[in-house]
Amino acid sequence: MNDMAYKKLPKCPVETTMLFLKNRDSIILLGYILSGVLEKCELIKMTSMSEKTYQKTLDTLLENGLITCENGILPTELGESLKPVILAMAEWGEKYKTQQKN
2 MNDMAYKKLP
12 KCPVETTMLF
22 LKNRDSIILL
32 GYILSGVLEK
42 CELIKMTSMS
52 EKTYQKTLDT
62 LLENGLITCE
72 NGILPTELGE
82 SLKPVILAMA
92 EWGEKYKTQQ
102 KN
C-alpha cells in the first residue's frame with residue numbers, strides 16, 4: 002500500500018488516510034499498538050477481537066506498512082505518523098462520552 006503511486010491516490014486526503022486504516026478494527030488495533038500494547042494476548046483481550054479478526058486486521062496493518070512483526074509487533078515510522086490522528090479521535094470520543102453523561 003505505501004508504495005502506491007502518488008497520482009493514483011484519491012483527491013480527498015481523508016480518503017487517502019482511510020486507504021491505510023481500512024476499517025474500525027484496524028484503527029482500534031493500531032491505536033493500542035501505538036499506546037504501547039504489544040503482546041498478542043493483550044491486544045486480543047483489549048480489542049475483544051476473535052483470533053481470526055485479529056489476524057486479518059494484523060495482516061492488513063502489515064500489508065499497509067503501518068506495523069512490523071520482525072521483533073514483535075511494533076509500529077513503523079508510517080504507523081507512528083498516524084499517532085496524532087488516532088489521539089485526536091480518542092480525545093474527541095472522550096469529550097463526546099463526557100457530554101453524554103451530563
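Numbering (the working numbering), first residue to last: 2 to 103. Ideal Cβ placement from N, Cα and C applies to all residues, glycine included.
Do Thr17 and Leu83 have their C-beta atoms within less than 9 Å of each other?
-> Within the sequence shown, the letter at position 16 stands for residue 17. Within the sequence shown, the letter at position 82 stands for residue 83. Contact: no.
Report buried or exposed for Pro14, applying the criterion of at least 16 other Cβ atoms within 10 angstroms of its Cβ.
-> Taking the first residue of the sequence shown as position 1, residue 14 is located at position 13. Exposed, since its Cβ has fewer than 16 Cβ neighbours within 10 Å.
Spell out whether any CB of chain D is found under 9 Å from the CB atom of Thr58.
-> The structure shown contains no chain D; it is built from a single protein chain.
Find the nearest neighbour of Leu22 within the set Asn65, Lys53, Ser49, judged by alpha-carbon distance.
-> Taking the sequence shown and counting its residues from 1, one reaches residue 22 at position 21. Minimum Cα distance to Leu22 is reached at Asn65.
Of all the options Tyr55, Leu31, Gly94, which has the alpha carbon lying nearest to the alpha carbon of Cys42?
-> Counting from one through the sequence shown, the residue named residue 42 turns up at place 41. Comparing Cα-Cα distances from Cys42 to each of Tyr55, Leu31, Gly94, the minimum goes to Tyr55.
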